[in-house]
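Shown next, in structure tokens, is the structure this report addresses.
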Amino acid sequence: MLCQSCGTINLENQELCRKCGNKLMVVSGLNESDHDATEEFFVQAQEELEEHILERITALEDGLRRLSQAVAATGQHLAQLEHNLTVAHAGVQSLGGLLESQGIVTRTEVVDGWERIADQELLSRDLSRRFKNQSDRILSHAEHSGHASGEFRRKLRALELALLGPETGTVRELLTDLARMAPGNDELWSFIGEAAFQTGELETARIAFLKVLELRGPNFEALVYLGAVASDLRLWSEAEEALVRAREMAPEAFLPHFTLGALQVLRGEYRAAIGHLEQSLEIESAPQSLYLLGFCRLELGQNGLAVKSLRRAVELEPAFEDALYHLGIAYLRRGWTRKALDTFQQVLRLDPQRLQYQETVRLLSDSPPRDLPEATQRLVARAEAAFEDGSPDRALDLYSEALRSAPGQPELQATAALLASALGRTREAVAHAHAILRDRPEGSPYVAAGVVALLESLRHAGRLQTARRLARSLYQNGDADQMARGLAAYELALVESELGENLVAARDLAREALEIAPRELRHYPLAALGSIALKRNRYREATQYLEQASRAGSEPPLLRQLAIARLGSGDAAGAEEALSEANDGPSGGIDQELLDHVRRIGGLVGELARNHRPESNNRAGKRS
């Protein structure tokens with residue numbers, strides 16, 4: 038009996054097919070005389086089925102062949118794209134080298150400019166795609182509300198074209214005009230919010246998403262956006278309220294749980310954050326959730342669990358820098374120094390210009406430090422508390438006392454030097470800096486702190502000729518650490534700029550400092566280049582440098598210089614904007630940033646010291 042579904046031959050008394058299990062249909066009306074005809078029919082049907090199957094196999098083989106050809110063509114296309122990108126990058130590098138040799142711009146400036154424009158282009162294209170998806174809805178809403186005038190349509194078209202260009206000012210102006218013409222258009226406000234969020238204009242984004250919620254009522258997407266924006270603006274209550282509402286609307290959605298967890302991390306509420314992050318991981322195993330979960334556990338002293346979470350984050354995203362760095366910290370806290378060093382070396386390869394990674398690897402490559410005496414530890418703790426309470430002078434006195442009880446501690450010496458420099462206590466800063474530069478070997482992570490403390494103190498005290506001699510000596514020292522030479526070049530550029538005798542030499546020194554500077558400190562030589570260009574009345578050049586520097590830190594002196602540069606370039610509105618951002622609060626300065634860095638290094642020193650206590654080693658020996 039032939040199965041009508043799959044064509045398999047079965048015995049006459051079977052009810053179900055032996056192959057597919059479907060019920061067999063009995064062909065009635067056949068007798069013994071029809072047996073031969075029936076058998077012939079079954080054989081013919083089987084042959085036809087086999088022929089059909091062979092045809093299907095042939096078709097599949099043809100399909101696989103075409104797919105293979107398509108994959109190969111795609112591979113060739115990707116290889117060509119990679120080749121083109123390599124050639125383009127090499128071309129940019131060559132152009133940079135040529136311009137650098139002519140003394141026009143540095144190679145770093147050319148590459149940075151190229152990357153900045155590329156980022157702007159990618160952002161413009163993304164916003165353009167978003168607008169195309171929403172423009173019909175924006176226009177439809179305007180038509181229904183009676184706002185779709187000819188002027189509205191023209192500006193909408195102009196916005197579409199402007200989004201393809203790099204000029205964000207035009208886009209901002211058009212969006213403002215459109216919102217004024219159609220204030221109740223929720224689709225338009227939604228796009229305004231997304232565009233502002235993309236470009237980092239957080240307050241504008243916040244206003245836009247609040248407007249969307251006002252017009253639409255509860256809206257999941259707008260609530261999540263508002264929660265993220267309010268978190269970045271440190272509006273904790275508003276952020277939490279928005280995200281809780283979003284979670285209530287979609288309990289199974291990933292973003293509300295994750296963003297609530299991230300919010301709690303920003304607030305330092307690590308135990309509360311863990312619950313939200315674990316819920317987000319039940320929905321989606323995202324590397325970002327795993328990283329934040331590992332970070333929280335690290336902060337709570339749950340080092341084993343931290344290792345587990347951070348390792349999983351790195352497995353999912355091998356180039357996740359923050360996850361790798363904190364995995365190294367977790368290894369260090371568990372006493373796995375070798376693993377920690379390997380991990381820090383891995384993250385350094387990802388970003389060789391990062392100061393934090395450079396110094397951590399260098400520190401861990403040295404022999405482990407000794408523990409501080411208990412009395413010294415108590416003094417350091419009191420110094421830290423005084424600093425946090427806003428009493429830096431008291432903190433410096435306590436650091437100095439700690440050094441007297443435990444002389445030669447490099448992290449304490451560097452902290453005291455930089456703090457004295459920041460406070461304008463020149464004599465103490467110079468004394469501590471001399472001690473560092475005298476006692477520390479080249480390559481020590483504390484030498485750079487000594488260089489900055491010494492030169493910043495001398496410069497601020499008006500001792501420019503002394504600062505010039507010392508900076509030039511350190512800069513010309515071929516055996517000096519690269520970072521120390523870079524900082525010396527930066528300080529020498531500032532001295533030459535203040536003296537005003539040779540602004541071209543000051544510019545060249547600042548450019549060299551920019552080439553050497555680690556990523557965290559690049560805004561300082563950029564600010565110096567802006568200041569020097571301003572003194573040479575090159576306002577557009579000054580504006581470019583100062584705008585780049587201001588993205589890393591909006592210090593009042595820098596913003597005031599930016600305002601002058603913009604005004605000189607004819608941008609009165611931009612000048613007013615920069616001045617409105619400036620305030621009279623204290624600025625951090627390079628010594629303050631290095632102070633924070635040295636304190637982080639001191640924390641790593643403490644980790645290493647705890648991992649190498651004699652009693653710990655003895656216990657380990659007993660266990661083995």
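By the numbering used here, the letter at position 192 of the sequence shown is numbered 229, and the numbering carries on one by one without gaps. Virtual Cβ for every residue (Gly too), placed ideally from N, Cα, C.
Neighbour-count burial assignment, residue i, 16 or more Cβ in a 10 Å radius
i: Lys-169; result: exposed
i: Val-484; result: buried
i: Thr-213; result: exposed
i: Gly-331; result: buried
i: Ser-322; result: exposed
i: Val-108; result: exposed
i: Ile-90; result: exposed
i: His-181; result: exposed
i: Ser-317; result: buried
i: Leu-53; result: exposed
i: Gly-298; result: buried
i: Pro-288; result: exposed
Check whether residue i and residue j have beta carbons under 8 Å apart
i: Asp-383; j: Pro-555; result: One point to set straight first is that residue 383 is Gln, not Asp, in the sequence displayed. No, the Cβ-Cβ distance between Gln-383 and Pro-555 is not below 8 Å.
i: Ser-227; j: Ala-259; result: yes
i: Ala-486; j: Ala-508; result: no
i: Leu-595; j: Ser-587; result: yes
i: Ile-553; j: Arg-522; result: yes
i: Ala-276; j: Leu-239; result: no
i: Ala-423; j: Leu-435; result: yes
i: Ala-490; j: Ala-466; result: yes
i: Ala-356; j: Tyr-328; result: no
i: Glu-535; j: Leu-501; result: yes
i: Leu-387; j: Glu-358; result: yes
i: Leu-176; j: Leu-196; result: no
i: Ala-420; j: Ala-432; result: yes
i: Arg-304; j: Leu-337; result: no
i: Ala-377; j: Leu-401; result: yes
i: Leu-460; j: Asp-430; result: yes
i: Ala-610; j: Leu-604; result: no
Top-ranked residue by Cα proximity to residue i, from the options
i: Val-398; options: Leu-212, Thr-380, Gly-499, Leu-292; result: Thr-380
i: Phe-708; options: Ala-423, Pro-355, Pro-324, Arg-308; result: One cannot answer for residue 708 here, as it falls past the ends of the chain, which runs 38 to 661.
i: Pro-255; options: Gln-235, Ala-279, Gly-237, Arg-271; result: Ala-279
i: Leu-314; options: His-294, Glu-306, Arg-304; result: His-294
i: Ala-564; options: Val-541, Leu-536, Ile-553, Leu-531; result: Leu-531
i: Ser-172; options: Glu-224, Glu-319, Arg-415, Gly-187; result: Glu-224
i: Tyr-576; options: Leu-599, Pro-593, Leu-337; result: Leu-599
i: Phe-662; options: Ile-175, Met-286, Ala-265, Ala-232; result: With the chain covering 38 to 661 only, the question about residue 662 has no answer from this structure.
i: Arg-166; options: Leu-198, Gly-183, Lys-192; result: Leu-198
i: Ser-428; options: Gly-445, Leu-456, Ser-534; result: Leu-456
i: Leu-409; options: Gln-581, Pro-447, Ala-283, Leu-433; result: Pro-447
i: Ala-570; options: Tyr-561, Gln-581, Gly-338; result: Gln-581
i: Gln-390; options: Ala-309, Thr-241, Leu-551; result: Leu-551
i: Gly-537; options: Glu-557, Arg-573, Gln-339, His-560; result: Arg-573
i: Leu-347; options: Ala-609, Leu-361, Gln-339; result: Leu-361
i: Glu-557; options: Met-520, Glu-584, Arg-548; result: Met-520
i: Thr-236; options: Arg-253, Lys-248, Leu-247, Val-208; result: Val-208
i: Trp-273; options: Thr-296, Leu-252, Arg-253; result: Thr-296
Cβ-based neighbour list, residue i, same chain, cut-off 7 Å, excluding 5 preceding and 5 following
i: Ala-179; result: Ala-185, Phe-189, Ala-219, Asn-222
i: Ala-579; result: Gly-567, Ala-570, Leu-571, Ala-602
i: Ala-283; result: Phe-257, Leu-260, Val-261, Gly-264, Pro-293
Residues of its chain near residue i, where Cβ-Cβ distance is below 6 Å and the 5 sequence neighbours each way are ignored
i: Thr-413; result: Ala-439, Ser-442, Ala-443
i: Ala-498; result: Thr-463
i: Val-64; result: Confidence at Val-64 is low in this model, with a pLDDT of 45, below 50, so the placement of that residue should be treated as unreliable; the coordinate-derived value is given next. Nothing meets the Cβ criterion.
i: Ser-494; result: Ser-458, Thr-463, Ala-466, Val-467
i: Leu-353; result: Pro-324
i: Thr-241; result: Ala-233
i: Val-302; result: Ala-310, Leu-329
i: Arg-243; result: Val-266
i: Leu-492; result: Ala-504, Ala-508, Glu-528
Sequence-distant residues of the same chain with beta carbon closer than 8 Å to residue i, five excluded per side
i: Ala-216; result: Asn-222, Leu-225, Trp-226, Ile-229
i: Ser-250; result: It should be pointed out that residue 250 corresponds to Leu in this sequence rather than to Ser. The residues are Asn-256, Ala-259, Leu-260, Leu-263.
i: Val-344; result: Gly-331, Leu-364, Ala-367, Tyr-368, Arg-371
i: Glu-533; result: Arg-505, Asn-539, Leu-540, Ala-542, Ala-543, Leu-546
i: Asp-621; result: Because the pLDDT of Asp-621 is 48, which lies under 50, any placement of that residue in the model is unreliable, and the question is left without a value.
i: Leu-211; result: Lys-192, Ala-195, Leu-196, Ala-199
C-beta neighbour in chain B for residue i, strict 8 Å
i: Leu-492; result: Structure shown: chain B not included; a single protein chain is present.
Exercise. Which runs of the alpha helix (DSSP H), 4 residues or longer, sit entirely within the stretch 465-532?
Worked result: 484-497, 501-513
Exercise. In chain order, which continuous runs of the alpha helix (DSSP H) of length 4 or greater are located wholly inside the stretch 205-274?
Worked result: 205-218, 223-236, 239-253, 257-269
Exercise. Where are the alpha helix (DSSP H) runs, 4 residues long or more, that stay fully inside the stretch 355-413, in chain order?
Worked result: 358-370, 374-387, 392-402
For this session: Could you name each continuous alpha helix (DSSP H) segment of 4 residues or more that falls completely within the stretch 572-611, going from the start of the chain to the end?
Result: 576-587, 593-605
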